[in-house]
Amino acid sequence: MWVVMDRVSGKVAFISGGARGMGAAHAHWLLAEGASVVVGDVLDVEGRALAAKLGERVLFTHLDVTSPADWAAAVDQTIERFGRIDILVNNAGIANGAPISEFSVDVWQRTLDINLTGAFLGIRTVVPHLIAQRSGSIINVSSVEGLRGSPNLHAYVATKFGLRGLTKSVAVEVAAAGVRVNSIHPGFITTPMTSGISAERLQIPMGRAAEPDEVSQLVLFLASDESSYSTGAEFVIDGGLTAGIPHA
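Residue numbers for the sequence shown follow my numbering, beginning at 2 and rising by one.
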């Protein structure tokens, strides 16, 4: 059962890739804690169903994060419906694996387009609104793979490192305007993206995968005024995965 504390009451949050998985969990929790929420995704059926389920304070909008026009339209819809925007969660992402000698340029480019350029476009579109109101929080969903290497996940790793760096450059630029930008670095989370992967082989010190709701608690902290002095930082949520060397 959720305990409502109104941690983001009156705020408006936009979540890319919010139709399912971690994005949907973030939408649930931000709504439960008082925010109005806009879910942007290419998964129209899932996104509309989620918005219908969550109620009138949730809006779904079609969003291809690689499209500047889609971003502009989505943010315009957000302002038209709710009057403002306070929180951007850059959650959309994909992962593809192959040995480096077999990694195709097309897969490489598509991963960069969605994971990194998509977040850049979202930030570029939202930042003028946040600066104008002199407040706001941008939360970029990176990964533990933005902190270390991982075989076969070359494009994914590159984009997650890139998102970590983009977080810092934007955070430094907009801090004086009262806008905060941070990255979160989840480890192994139970989502559609990780289905079919065994948590046991990763040797997570806590011995299990995380649930999306656990990541949402970190998103809530960064979205709320509780994190008012945190910007340009990495927040790791990985059950200890990056804390040591696997023993087996």
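Note that beta-carbon positions come from the ideal geometry of N, C-alpha and C, so glycine has one too.
Next on the checklist: From the DSSP secondary-structure annotation, give me the bridge partner or partners of R111.
Outcome noted: None, per the DSSP bridge assignment.
Checklist entry - How about A40 and A52: do their beta carbons lie closer than 8 Å? => result Just to set this straight, residue 40 is Val in the shown sequence, not Ala. Contact flag set, yes.
Item to check | Closest residue to P187 among K169, D214, S170 and E174 (Cα-Cα distance) | outcome: D214
Item to check | Extent of the continuous alpha helix (DSSP H) run through F121 | outcome: G119 to Q134
Item to check | Secondary structure of I140, DSSP reduced to three states | outcome: strand
Checklist entry - How big is the Cα-Cα spacing for G208 and G240? => result 8 Å
Item to check | Spatial neighbours of A244 in its chain, beta-carbon cut-off 8 Å, leaving aside the 5 residues before and after | outcome: P206
Item to check | Cα-Cα separation, S228 to F222 | outcome: 6 Å
Checklist entry - Between D226, V220 and I238, which lies nearest to A211 when the distance is taken from Cα to Cα? => result I238
Checklist entry - Between the C-alpha atoms of V66 and S170, what's the straight-line distance to the nearest angstrom? => result 20 Å
Checklist entry - Thinking just about the alpha-carbon of each residue, which of V76, A178, S143 and A73 is nearest to the one in V158? => result S143
Checklist entry - Can you give the Cα-Cα distance for H29 and A20, rounded to whole angstroms? => result 11 Å
Checklist entry - If we count the other Cβ atoms within 10 Å of its Cβ and call it buried at 16 or more, is E34 buried or exposed? => result buried
Next on the checklist: The alpha helix (DSSP H) that contains F83, what's its start and end?
Outcome noted: P69 to F83
Item to check | With 16 other Cβ atoms within 10 Å as the buried cut-off, status of I139 | outcome: buried
Next on the checklist: Rounding to the nearest angstrom, what Cα-Cα distance links G98 and G150 in this structure?
Outcome noted: 13 Å
Next on the checklist: Using the three-state DSSP reduction, which class does S217 fall into: helix, strand or coil?
Outcome noted: helix
Checklist entry - Nearest to R111 by alpha carbon, out of L64, I95 and D226? => result I95
Next on the checklist: Using the three-state DSSP reduction, which class does W3 fall into: helix, strand or coil?
Outcome noted: Note on W3: pLDDT 49, under 50, position unreliable in the model; the coordinate value appears next. The answer is coil: DSSP assigns W3 none of H, G, I, E or B.
Item to check | Status (buried if at least 16 other CB within 10 Å, exposed otherwise) for M2 | outcome: Low confidence applies here, because M2 scores a pLDDT of 42, under 50, leaving its location unreliable; read the following figure in that light. Exposed is the call here.
Checklist entry - Skipping 5 residues on each side, what residues in its chain have a beta carbon closer than 8 Å to that of I80? => result I86 and H130
Checklist entry - What alpha helix (DSSP H) runs, 4 residues minimum, are completely inside the region 15-56? => result 22-33 and 45-55
Item to check | C-beta atoms of T160 and N116 nearer than 8 Å | outcome: yes
Checklist entry - Identify the residues that DSSP records as bridge partners of I238: which are they? => result P187
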